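Data block below; observations after.
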Amino acid sequence: MADTPAALLPLLSEVARAAGEAILPIWRSGIAGRAKPDGSPLTEADLAAERVILAGLAAACPGLPVVSEESPPEEAAIPDRFLLVDPLDGTKEFLAGSGEFTVNIALVEAHRPVAGVVVAPALGVLWQGAVGAGATRTDRASGRTRPIAVRPRASPPVAVASRSHADAETEAFLAGLGVRERRAIGSSLKFCLVAEGEADVYPRFGPTMEWDTAAGHAVLLAAGGRVETPAGAPLRYGIGVQGWRNGPFIAWGGDLPADG
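According to our numbering, the sequence shown is numbered sequentially starting from 1.
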């Protein structure tokens with residue numbers, strides 16, 4: 001098995017692509033979802049993608065623990081190095097017929113996402129990155145892969161925000177930054193827009209889970225960005241303080257230019 005984060009990326013990408021292919025026919029059929037115990041939606045696509053991912057990772061990365069949204073382990077069982085998976089991020093967008101949903105797979109080491117793959121199957125785009133090795137975007141239609149990186153922060157910054165989960169704290173933060181332009185988009189695509197220099201900041205004060213964010217977080221780190229708590233500490237994973245729930249965070253692209 002490939003061991004370094006960068007060496008794992010081709011394997012993770014292959015598995016994520018396959019999961020995306022399993023999702024697409026279900027999305028096109030307009031299948032309805034049902035509610036999970038926490039009230040969030042669940043569809044056959046979530047389950048189909050998870051089956052593909054778990055089988056693919058077991059073959060490609062034997063012995064590497066996998067934590068998936070649909071079957072998270074108890075906190076006491078959290079290892080130091082594991083794969084964190086969201087088979088279908090953006091289920092609300094999926095059910096609404098939007099293409100703004102993703103398959104997310106991340107490698108977490110020592111509570112930090114060090115490699116990640118985000119596939120948007122309906123959009124035909126794959127983002128991937130490993131810390132220290134850079135990040136890329138691949139477009140299915142052209143077959144082109146290009147490197148991506150955050151841009152120096154604009155003044156005022158351009159923000160990206162959730163399409164489905166607005167909250168007062170996020171709005172207050174954006175107002176404090178003087179944001180005049182924002183893009184609303186679903187799922188982990190928000191991290192990817194910041195990673196490829198299309199936006200400067202993605203704040204999230206409402207609830208998210210670790211599998212929602214780890215892959216996009218890793219891509220953003222690889223592209224030169226960062227994800228912090230409001231106090232300025234790095235967002236960490238697998239620490240078991242709130243189960244698998246994240247606290248508030250801000251995803252930043254580049255810093256202000258020296259003359260900014």
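Glycine residues also receive a C-beta, built at the ideal position from the N, C-alpha and C atoms.
Please read all numbers here as calculations on a predicted model, not as lab measurements.
When you compare only the Cα positions, how much space is there between residue i and residue j?
i      : j      : result
Leu47  : Pro65  : 19 Å
Ala7   : Glu100 : 28 Å
Gly39  : Lys92  : For Gly39, the predicted structure reports a pLDDT of 44, less than 50, and the residue's modelled location is therefore unreliable. A value from the coordinates is still provided. Those two C-alpha atoms are separated by around 12 Å.
Ala35  : Asp89  : Only weak support is given to the placement of Ala35: the predicted model assigns it a pLDDT of 47, under 50, and the value that follows is read from those uncertain coordinates. Cα to Cα, the separation comes out at about 15 Å.
Leu12  : Leu57  : 8 Å
Arg81  : Glu14  : 20 Å
Gly30  : Ala223 : 35 Å
Asn246 : Thr170 : 15 Å
Ser155 : Glu21  : 40 Å
Pro10  : Gly143 : 15 Å
Pro157 : Ser187 : 21 Å
Gly132 : Arg51  : 31 Å
Tyr237 : Pro207 : 15 Å
Asp212 : Ser68  : 10 Å
Gln242 : Tyr202 : 22 Å
Taking Cβ to Cβ, would you say residue i is nearer than 8 Å to residue j?
i      : j      : result
Ala195 : Leu220 : yes
Ala19  : Val103 : yes
Val160 : Arg146 : no
Leu114 : Pro5   : The sequence as given places Val at residue 114; Leu does not occur at that position. It is a contact, given that the beta carbons lie within the stated cut-off.
Gly253 : Ala199 : yes
Arg151 : Gly197 : yes
Thr43  : Leu95  : yes
Ala49  : Ile23  : yes
Leu256 : Arg153 : yes
Leu193 : Ala120 : no
Ala214 : Leu84  : yes
Ala166 : Ile148 : no
With a threshold of 8 Å on Cβ separation, who are the neighbours of residue i within its own chain once the five nearest residues in sequence on each side are excluded?
i      : result
His217 : Ala106, Pro113, Gly116, Phe191, Val227, Leu235, Ala251
So, under 8 Å CB-CB, residue i and residue j are touching, yes? Tell me the CB distance rounded to an integer number of Å.
i     : j     : result
Pro87 : Glu70 : 6 Å
Ala45 : Ile26 : 4 Å
Ordered along the chain, which non-local residues of its own chain (more than five positions away) have a Cβ less than 7 Å from that of residue i?
i      : result
Phe319 : Any property of residue 319 remains undetermined from this structure, which presents the chain solely from 1 to 260.
Ile239 : His111
Near residue i, what residues of its chain come up, given a Cβ to Cβ distance below 6 Å and the 5 sequence neighbours on each side ignored?
i      : result
Ala258 : none
query = In chain order, which alpha helix (DSSP H) runs of at least 4 residues are fully inside the region 145 to 177?
reply = Every alpha helix (DSSP H) of 4 residues or more that sits fully in the region 145 to 177 is shown, in chain order, as 168 to 177.
ask   = Quick one: complete beta strand (DSSP E) runs, 3+ long, within the region 54 to 96?
value = Restricting attention to beta strand (DSSP E) runs no shorter than 3 residues, the region 54 to 96 encloses them at 66 to 68, 81 to 89, ordered along the chain.
task = Scan the region 166 to 239 and note each continuous beta strand (DSSP E) run of 3 residues or more that stays entirely inside, going in chain order.
result = List check, beta strand (DSSP E) in window: 181 to 185, 201 to 204, 226 to 228.
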